[in-house]
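Trainee: Numbering follows the UniProt record's numbering, with no gaps: position 100 of the sequence shown is 100. In this text, a Cβ means the ideal position worked out from N, Cα and C, and glycines have one as well.
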Amino acid sequence: MVQTTLSIAVIAVAILFSFWMPCSRCERSLSTFSICVALLVTALLETFTLRLFLQSELFNYWEKWSLYAEALIPGNNARHYIDNPDFQQDMLRSLDNTVNKMQGLIGRLKNLGEKELLNLQPVDLKTVVRRAMAFLPADRVTVGGEPLVVKVDAEELQKVLLNLLLNAVEASPDGSQVAVEVAMVGAPHIRVVDHGSGMSADYIRRELFKPFATTKKKGLGIGLYQSRQIVEAHGGRLEVQSEVGKGTVFTVWLKKP
1 MVQTTLSIAV
11 IAVAILFSFW
21 MPCSRCERSL
31 STFSICVALL
41 VTALLETFTL
51 RLFLQSELFN
61 YWEKWSLYAE
71 ALIPGNNARH
81 YIDNPDFQQD
91 MLRSLDNTVN
101 KMQGLIGRLK
111 NLGEKELLNL
121 QPVDLKTVVR
131 RAMAFLPADR
141 VTVGGEPLVV
151 KVDAEELQKV
161 LLNLLLNAVE
171 ASPDGSQVAV
181 EVAMVGAPHI
191 RVVDHGSGMS
201 ADYIRRELFK
211 PFATTKKKGL
221 GIGLYQSRQI
231 VEAHGGRLEV
241 QSEVGKGTVF
251 TVWLKKP
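Written as structure tokens, this is what we have:
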């Protein structure tokens, strides 16, 4: 099944480029391009249900193509510039960049969560935390604990922490802070504590780590699914404690050195 789906993906990409490149008009190119990408994404979604976090990234790129195609609908402003060489080149560069990113995601799709693919290097966990914090308002997150060097894939762990921090900040009242603590008690771990809305025990048990389970108005609800996959690939575990109306604590436990 995996080989079949990957073959479909390769064929779809091949069709995509064979139609896209020779087209004399940009709008025909985009139309064919969008159809082929739709086929590719559909084939992937039908098979890799256990790897749904990549679908959101693929969907984001698909949305970009949809925006380009929509811009060329009669009556839209972009159509007036379709014969402008500079406009065409800019659009094609953007599409090419998106294709490259999508191909990279497809390459990762086959082996998601396999330990041997992690780039494990000694790194200070507080450094990884601070890198994730850089994407958030400086006054919303604090970090404590001593420097703690552990072998991890820093890039993947940063994704986990960023997701946890974004969720914590979003769940917290305006002005409240999210606390992050790095510690070595039994095993290296990182705690993310918020004083937000919290979650019921039933929701945590039944829904929290399921793909597409979310209480948010936006998003597909797959960030925590992805996060748990990454932590488990490190040989660790992702734990959660929460109480409605009081807040939530996520703990990323990693392997002992």
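(1) Measure the beta-carbon distance from A179 to T142 and round it to whole angstroms, keeping in mind my assumption that it falls under 8 Å.
(2) Could you check which residue in E156, R93, G198 has the C-alpha nearest to that of V128?
(3) Beta carbon of G198, beta carbon of G144: below 9 Å?
(4) Please work out which residues of its chain come closer than 7 Å, Cβ to Cβ, to V252, disregarding the five sequence neighbours upstream and downstream, and give them in chain order.
(5) Thinking C-alpha only, which one of D202, Q177, D194, E207 is nearest D139?
(6) Using the rule of at least 16 other Cβ atoms within 10 Å of the residue's Cβ for burial, across every protein chain shown, is L254 buried or exposed?
(7) Taking DSSP as the reference, what is the three-state secondary structure of A179?
(8) Quick one: grab the DSSP three-state call for V231.
(9) Beta-carbon within less than 8 Å of I204's beta-carbon, same chain only, minus the 5 sequence neighbours each way: which residues are those?
(10) Applying the criterion that 16 or more other CB atoms from any shown protein chain within 10 Å of the CB defines a buried residue, is A201 buried or exposed?
(11) Taking only the alpha-carbon atoms, compute the straight-line gap between P122 and G223 and give it to the nearest angstrom.
(12) Where does V244 sit, in a helix, a strand or coil, going by DSSP?
(13) Among E170, E146, G196, which residue has its Cα nearest to the Cα of V185?
(14) Quick one: is G175 buried, meaning 16 or more other Cβ sit within 10 Å of its Cβ, or exposed?
(15) Quick one: residues in its chain with C-beta nearer than 6 Å to the C-beta of residue 259, no 5 flanking neighbours on either side, listed in chain order?
(16) Can you tell me which residues form a DSSP beta bridge with A187?
(17) So, is D90 buried or exposed, given that buried needs 16 or more other C-beta atoms within 10 angstroms?
(18) Among the residues of its own chain, which have a CB less than 7 Å from the CB of L120, if the five just before and after it don't count?
(19) Take L162 and list the residues in its own chain whose beta-carbon comes closer than 7 Å to its own, dropping the five residues that flank it on each side.
(20) How would you label K210, buried or exposed, when you count the other beta carbons within 10 angstroms and need 16 or more for buried?
Mentor: According to the structure shown:
(1) The sequence position of residue 179 within the sequence shown is 179, counting from 1. The sequence position of residue 142 within the sequence shown is 142, counting from 1. Contact between A179 and T142 holds, with the beta-carbon distance rounding to 5 Å and staying under 8 Å.
(2) In the sequence shown, counting from the first residue as 1, residue 128 sits at position 128. Looking at the Cα atoms, E156 is the closest of the given residues.
(3) Along the sequence shown, read from residue 1 onward, the residue named residue 198 stands at position 198. Along the sequence shown, read from residue 1 onward, the residue named residue 144 stands at position 144. Against a cut-off of 9 Å, the Cβ pair of G144 and G198 comes out as no contact.
(4) The residue labelled residue 252 in the question sits at position 252 within the sequence shown. Hits under 7 Å: V160, H189, I190, V231, G236, L238.
(5) On the sequence shown, position 139 is the one that residue 139 refers to. Of the candidates D202, Q177, D194, E207, the one whose C-alpha sits nearest the C-alpha of D139 is Q177.
(6) For this step, residue 254 is matched to residue 254 along the sequence shown. Buried.
(7) For the purposes of this step, residue 179 is identified with residue 179 of the sequence shown, where counting begins at 1. DSSP places A179 within a strand segment (E or B) once states are collapsed to three.
(8) On the sequence shown, position 231 is the one that residue 231 refers to. Helix at V231.
(9) Here residue 204 corresponds to residue number 204 of the sequence shown, with the count starting at 1. Taking I204 as the centre and dropping the five residues before and after it, the same chain places the C-beta of V240, S242 closer than 8 Å to its C-beta, in chain order.
(10) If you number the sequence shown from 1, residue 201 lands on position 201. Burial state of A201 is exposed, judged by a 10 Å Cβ sphere holding fewer than 16 other Cβ atoms.
(11) Translated into the one-based positions of the sequence shown, residue 122 becomes position 122. Translated into the one-based positions of the sequence shown, residue 223 becomes position 223. Cα to Cα, P122 sits roughly 25 Å from G223.
(12) Position 244 of the sequence shown, counted from the start, is the residue given in the question as residue 244. In the structure shown, V244 sits in coil (DSSP, three-state: anything other than H, G, I, E or B).
(13) Here residue 185 refers to the residue found at position 185 when the sequence shown is read from its first residue. Considering only alpha carbons, the answer is E146.
(14) Your numbering for residue 175 matches position 175 in the sequence shown. The residue is exposed, with fewer than 16 neighbouring Cβ atoms inside 10 Å.
(15) Limits of the chain in this structure are 1 at one end and 257 at the other, which puts residue 259 out of reach.
(16) As a first step, residue 187 must be located in the sequence shown, where it is residue number 187. Answer is V185, bridged to A187.
(17) Position 90 of the sequence shown holds residue 90. Its Cβ having fewer than 16 others within 10 Å, D90 is exposed.
(18) To locate residue 120, count along the sequence shown from 1; it is residue 120. Short of 7 Å from the beta carbon of L120, and not among the five residues preceding or following it, lie these beta carbons of its own chain, in chain order: K151, V152, D153.
(19) Taking the sequence shown and counting its residues from 1, the one referred to as residue 162 is at position 162. Hits under 7 Å: A132, F135.
(20) Taking the sequence shown and counting its residues from 1, the one referred to as residue 210 is at position 210. Here K210 is exposed, its C-beta having fewer than 16 other C-beta atoms within 10 Å.
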